[in-house]
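Numbering (my numbering), first residue to last: 131 to 432. By construction, the Cβ of each residue, glycine as well, lies at the ideal position given by its N, Cα and C atoms. Predicted, not measured: the structure shown is a model, and the values here were computed from it. In what follows, a single structure is set out as structure tokens and then discussed.
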């Protein structure tokens, strides 16, 4: 009788130890998973091609088991020792999503143009005279593209027109500067002078645009059949407007007449002139409202 009892006791003890060990492993795993760690998350929706900095992310604490592989955990990871940004979004990142390096592109001096072209877009490069674009547009700016055409109408009369063919187009590169490119820090006076000399020696500057395939066809045809000018947009302005174009014969229609569209009482105005007068009146009204508000504020502050 004693032997079976001893065996049963040993089995019971081993079972208890096994259960205790299993419970301890579960508790250890739970404690490890519940440990809080820092992670970078997107503060807002980040479009493809967005260069990351501290203003676009926030540090959150999450359980360690929810930390995704290759997730960035510190704002310091976004820049190098000189404060230059290191990463650009290779694909869109949703608000509240962890910032993982598998969705980022590492920026550098050897970054090629193809690396900064968004998915489903094309890069088209047009060469401009230096005087027309130098210091005016930068990579990342958005512009409207205007074509100046010369053609013959149905009466075989030569006509000239300026037409906005594309709107809200992002610039990917200007000369040797590309979107997201990390430039070397020029510390010596000799390096700075050498860089300025090289830039000033270029009479023609290539500019690369981010376009859909259809827009790429429009730009290539426009560049082939007309001269092109760029209209720089304000930061954040992405509004698409209706444009009928400007025709030279409408602008100078009344140049040889005694009656001019700007004369008081003249009723003979072209649609283009009427639109100009409307916009001028709206601008004047906005300026007057701003002056009135300023006067009101000054009176309240006294």
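- Distance from the CA of residue 178 to the CA of residue 371, rounded to the nearest whole angstrom, comes to 25 Å.
- In this structure, the straight-line span from the alpha carbon of residue 282 to that of residue 309 is close to 40 Å.
- Positions of the alpha helix (DSSP H) runs, each at least 4 residues long and wholly inside the region 246-284, are given as 260-263 in order along the chain.
- In this structure residue 196 is exposed. Its beta-carbon is surrounded by fewer than 16 other beta-carbon atoms within 10 angstroms.
- Contact annotation: residue 258 and residue 334 have beta-carbon atoms nearer than 9 Å.
- Residue state for residue 288 is assigned as strand, using DSSP reduced to three classes.
- The alpha-carbon separation between residue 198 and residue 350 amounts to approximately 44 Å.
- Between residue 341 and residue 296, the CB-CB gap stays under 9 Å.
- Each residue's CA atom was taken as its position, placing residue 190 and residue 224 some 15 Å apart.
- For the 9 Å CB-CB criterion, residue 275 and residue 192 do not form a contact.
- The DSSP-derived three-state label of residue 333 is coil.
- Nearest Cα to residue 375 within the set 217, 279, 221: 279.
- Within its own chain, the residues whose Cβ lies closer than 7 Å to the Cβ of residue 356, once the five positions on either side in sequence are excluded, are 277, 278, 279, listed in chain order.
- Under the 10 Å beta carbon count, residue 175 is surrounded by fewer than 16 other beta carbons and is classified as exposed.
- Per DSSP, residue 166 lies in no alpha helix (DSSP H); the unbroken beta strand (DSSP E) holding it starts and ends at 166-172.
- With a cutoff of 9 Å on beta-carbon distance, residue 361 and residue 273 are scored as near each other.
- In the displayed model, residue 234 falls within a strand according to three-state DSSP.
- Between residue 246 and residue 218, the C-beta spacing is below 9 Å.
- Here residue 219 carries a strand assignment [DSSP, helix/strand/coil].
- For the pair residue 187 and residue 216, the CB atoms are not nearer than the 9 Å cut-off.
- Residue state for residue 244 is assigned as helix, using DSSP reduced to three classes.
- If you compare the alpha carbons of 261, 338, 236 with that of residue 269, the shortest gap goes to 338.
- Under the criterion of beta carbons closer than 8 Å, residue 226 and residue 172 qualify as touching, at roughly 7 Å.
- The three-state reading of DSSP puts residue 199 in coil, since its state is none of H, G, I, E or B.
- Here the alpha carbons of residue 348 and residue 264 stand approximately 24 Å from one another.
- By DSSP's assignment, residue 372 forms no beta bridge with any residue.
- Exclusion of the five residues before and after residue 221 leaves 178, 233 as the residues of its chain whose Cβ lies within less than 6 Å of its Cβ.
- Within the DSSP bridge table, the entry for residue 303 names 308, 338 as partners.
- Within 10 angstroms of the beta-carbon of residue 345 lie 16 or more other beta-carbons, which makes it buried.
- The beta carbons of residue 194 and residue 167 sit closer together than 9 Å.
- As the crow flies, the alpha-carbon of residue 379 is around 50 Å from that of residue 183.
- For residue 344, the uninterrupted alpha helix (DSSP H) segment begins and ends at 343-355.
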